[in-house]
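Enquirer:
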Amino acid sequence: MSLNHIIDVYKSAFGKEPAYVSMAPGRIEFLGNHTDYNGGCVMGATLNMGVYAAISERDDTKIRLTSASHGNTPIVEASLDNLVPFGAGRNSWANYPLGVLKVLIDEGAKAERGFDIAFWSDLPSGAGLSSSAAIELASAKVMSIFYEKEINDPVHLARIGRLAENTFVGLPCGILDQGTSAHGRKDHLVFIDCREESFHTYPLSEGTSFWVFNTHKKHSLVDSLYAQRHDECMQARDTLQKTYNNIEHLCDLTAPQVEACELDLPAASFKRAIHVTNENERVKRAAALLASGKSHAVGELMFQSHESSKTLFENSIPELDFLVDALKGKDGVLGARLTGGGFGGAVVAWADQNFTEVTAQSICDVYNDAYGRAPVVHHIETGDGARML
441 MSLNHIIDVY
451 KSAFGKEPAY
461 VSMAPGRIEF
471 LGNHTDYNGG
481 CVMGATLNMG
491 VYAAISERDD
501 TKIRLTSASH
511 GNTPIVEASL
521 DNLVPFGAGR
531 NSWANYPLGV
541 LKVLIDEGAK
551 AERGFDIAFW
561 SDLPSGAGLS
571 SSAAIELASA
581 KVMSIFYEKE
591 INDPVHLARI
601 GRLAENTFVG
611 LPCGILDQGT
621 SAHGRKDHLV
631 FIDCREESFH
641 TYPLSEGTSF
651 WVFNTHKKHS
661 LVDSLYAQRH
671 DECMQARDTL
681 QKTYNNIEHL
691 CDLTAPQVEA
701 CELDLPAASF
711 KRAIHVTNEN
721 ERVKRAAALL
731 ASGKSHAVGE
741 LMFQSHESSK
751 TLFENSIPEL
761 DFLVDALKGK
771 DGVLGARLTG
781 GGFGGAVVAW
791 ADQNFTEVTA
801 QSICDVYNDA
811 YGRAPVVHHI
821 ETGDGARML
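Using my numbering, you'd call the opening residue of the sequence shown number 441 and step up by one each time.
1) On the three-state DSSP scale, how would you describe P612?
2) Determine the direct distance from the alpha carbon of N686 to that of K542, and round the result to whole angstroms.
3) Short of 6 Å in beta carbon distance, which residues of its chain neighbour T641, apart from the five on each side in sequence? Order them along the chain.
4) Taking the alpha-carbon positions, what's the G780 to P612 distance?
5) Have a look at W533, T506, D500 and M674 and flag the residue whose alpha-carbon is nearest the alpha-carbon of D521.
6) Tell me which residues share the same chain as K415 and place their Cβ nearer than 6 Å to its Cβ, disregarding the 5 neighbours each side in the sequence.
7) Does the ligand NAP have even one heavy atom less than 7 Å from the beta-carbon of P465?
8) Let me confirm a value: D678 is counted as buried when at least 16 other C-beta atoms fall within 10 Å, else exposed. Which label applies?
9) Smallest Cα separation from V582: which of E637, D546, V491 and S638?
10) When we look at the beta-carbon of V787 and count the other beta-carbons within 10 Å, is it buried (16 or more) or exposed?
11) State the CB to CB distance for the pair G782 and S756, rounded to an integer number of angstroms; the pair is presumed to be in contact (CB under 8 Å).
12) Look at K770 and F743 and say whether their C-beta atoms are less than 8 Å apart.
13) Quick one: Cα of R635 to Cα of M483, how far?
14) In chain order, what residues of the same chain have a beta carbon less than 8 Å from the beta carbon of R498, not counting five sequence neighbours either side?
15) Ignore the nearest five residues each way along the sequence and tell me which others in Q681's own chain have a CB closer than 8 Å to its CB.
16) So what's A389 in DSSP terms, helix, strand or just coil?
17) Taking the Cβ atom as the reference point for each residue, do T648 and L774 lie within a distance shorter than 8 Å?
18) Closest by CA to A776, which one among A528, V652, I575 and H689?
19) What's the gap between the Cα of N444 and the Cα of L730?
20) The alpha helix (DSSP H) spanning P594 covers which residue range?
21) Could you give the distance in angstroms between the alpha-carbon of H474 and the alpha-carbon of K456?
22) With 16 other CB atoms within 10 Å as the buried threshold, where does H715 fall?
23) Closer than 6 Å by C-beta to N488: which residues in its own chain qualify, once you throw out the five before and the five after it? Chain order, please.
24) By DSSP, does E497 sit in helix, in strand, or in coil?
25) Assign E411 to buried or exposed, taking buried as 16 or more other Cβ atoms, counted over all protein chains shown, within 10 Å of its Cβ.
26) Give the single residue among A493, D476, T486 and P465 whose Cα lies nearest to the Cα of A427.
27) At what residues does the alpha helix (DSSP H) containing S571 begin and finish?
28) Round the Cβ separation of I632 and G619 to the nearest angstrom and send it over; I've been treating them as touching at under 8 Å.
29) The beta strand (DSSP E) that contains E797, what's its start and end?
30) Do H659 and G568 have their CB atoms nearer than 8 Å?
31) Beta-carbon separation of F639 and V595 under 8 Å?
32) First and last residue of the alpha helix (DSSP H) that includes T641?
33) For T679, does the three-state DSSP call read helix, strand or coil?
34) Between the Cα of F382 and the Cα atoms of S664, Y807, P514 and V609, which residue gives the shortest distance?
35) Who pairs with G817 in a beta bridge, going by DSSP?
36) Report the partner residues of C481 according to the DSSP bridge assignment.
Structure below.
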């Protein structure tokens, strides 16, 4: 996406050129399924696609926002004098940038004048690549410099995005999405200790990239099932605290410690706890392999992660299992697993240059024969984190 194109998009929306332009990338959840809210470790990668934000000054206290990604989206209006969230509906997307603005003001930004802001995304729609975190971080970058309080610290940037989503949008997300988008580096993975909110990057094997196979299939009970899994993890933690009274999070324990208390836990909570604690160890193992230059060995951990999601956390579906099985053993595929919350959505494959469009299409054809609809495939390369353009 060229800067000239973003300027043209902005001029089309507001009839003037922007003063500043920022970009924040989408992300892939590489490893660490449901470990974030359990105080564990996760790994993600930033993409070479994301959300762009362009801003210019107004001479009043109005805030005008538009999303140019979806055609002629009507301009949404708000005011510095009364920053409140929009309810559910067509304007609810604006809560993400407005939430960031509210956090910046609470932190001391002198917001005495309004602005016009436009967003544009080149992320594939519906592929689970975290456009919400990208819009938060693109907003934080461009609004902070607009109000002469530029944020360059990626830790601070990530926390602003998470705080906006938690307190203004009202979604109790962890730090994975914002942390990855803020700290990303091309050809690197971002390792996040969610309990400490600490970050580190590790290089990927040269010549590798990601392929996302989006089923566009979701379980009809996805929201309630996600909440149920969360509650089962909390139930396991609360029960295990009676034995291990110094723990705060489920990921403070190891799988053997959980196994020693199997009879104390309901069957479902036991399985969730085993998945989470083993998954946390997989992320740590991946970090050690990457640090020692053995990144190709990490792919097997992705396959193990998916199997655990399938059998222990039970947040996969047959379509995702089909794709992972189809990818396993294909030339060039290093690893594959479901990505994101599960109960539908997409599979991410990590592959080298021997995996081609022809092979990807052959997998789609076999899937289509089985399910009557081919998945949508996106070949994605990594990119750098949130930045000004």
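For every residue, glycine included, the Cβ atom is placed at its ideal position computed from N, Cα and C. Everything numeric in this text was worked out from a predicted model, so none of it was measured.
Expert: This is what the structure holds:
1) coil
2) Take the alpha-carbon of K542 and the one of N686: they are about 36 Å apart.
3) Correct list, in chain order: R625, H628 and V630.
4) 15 Å
5) D500
6) No answer is possible for residue 415: the residues shown for the chain start at 441 and end at 829.
7) This structure does not include the ligand NAP; it has no bound ligands of any sort.
8) exposed
9) Cα-wise, what sits closest to V582 is V491.
10) buried
11) 6 Å
12) no
13) 14 Å
14) R504, R553, G554, F555 and D556
15) I687, listed in sequence order.
16) For the chain, the structure presents residues 441 to 829; residue 389 sits outside this window and is missing.
17) yes
18) Closest in C-alpha terms to A776, from the list A528, V652, I575 and H689, comes V652.
19) Each residue's alpha carbon lies about 38 Å from the other.
20) P594 to A604
21) 44 Å
22) buried
23) E821 and G823
24) Correct three-state label for E497: strand.
25) The chain is shown from 441 up to 829; residue 411 falls before or after that span and cannot be answered.
26) Coverage of the chain is limited to positions 441 through 829, which leaves residue 427 absent and any answer about it impossible.
27) S571 to F586
28) 5 Å
29) Counting along the chain, E797 falls outside any beta strand (DSSP E), though it belongs to the alpha helix (DSSP H) covering E797 to Y811.
30) no
31) Yes, the Cβ-Cβ distance between F639 and V595 is below 8 Å.
32) Where T641 is concerned, there is no enclosing alpha helix (DSSP H), although the beta strand (DSSP E) it sits in stretches over S638 to P643.
33) helix
34) Nothing about residue 382 can be read from this structure; the chain reaches only from 441 to 829.
35) According to the sequence provided, residue 817 is Val. The question's Gly does not apply to it. Answer is F653, bridged to V817.
36) D633
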